[in-house]
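Notes follow once the structure below has been shown.
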């Protein structure tokens, strides 16, 4: 299990999140686990962002 923190500044969160995940992808990570996808708005965000950066949400 790999953890990576991202600053909580919501104006830059998505950009910082994508940068962090792209760094992890260099380590051959192909999927990510999310704990709060029971919230439809968050699940939609996760699906969209993961699609953008070509990683599988689990």
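In the UniProt record's numbering, the protein residues as written are 1 to 58.
Glycine residues also receive a C-beta, built at the ideal position from the N, C-alpha and C atoms.
Cβ neighbour criterion (16 or more within 10 Å) applied to residue i
i          : result
residue 21 : buried
Residue i versus residue j: straight-line alpha-carbon distance, rounded
i          : j          : result
residue 43 : residue 27 : 25 Å
residue 50 : residue 23 : 14 Å
residue 25 : residue 39 : 26 Å
residue 34 : residue 15 : 18 Å
residue 47 : residue 57 : 7 Å
residue 31 : residue 45 : 15 Å
Check whether residue i and residue j have beta carbons under 8 Å apart
i          : j          : result
residue 6  : residue 29 : no
residue 53 : residue 4  : no
If you scan the UniProt domain "Diphthamide synthase" (12-55) from start to end, which runs of the alpha helix (DSSP H) of 4 or more residues do you find wholly inside it? Runs of the alpha helix (DSSP H) inside the UniProt domain "Diphthamide synthase" (12-55): 13-25 and 40-52.
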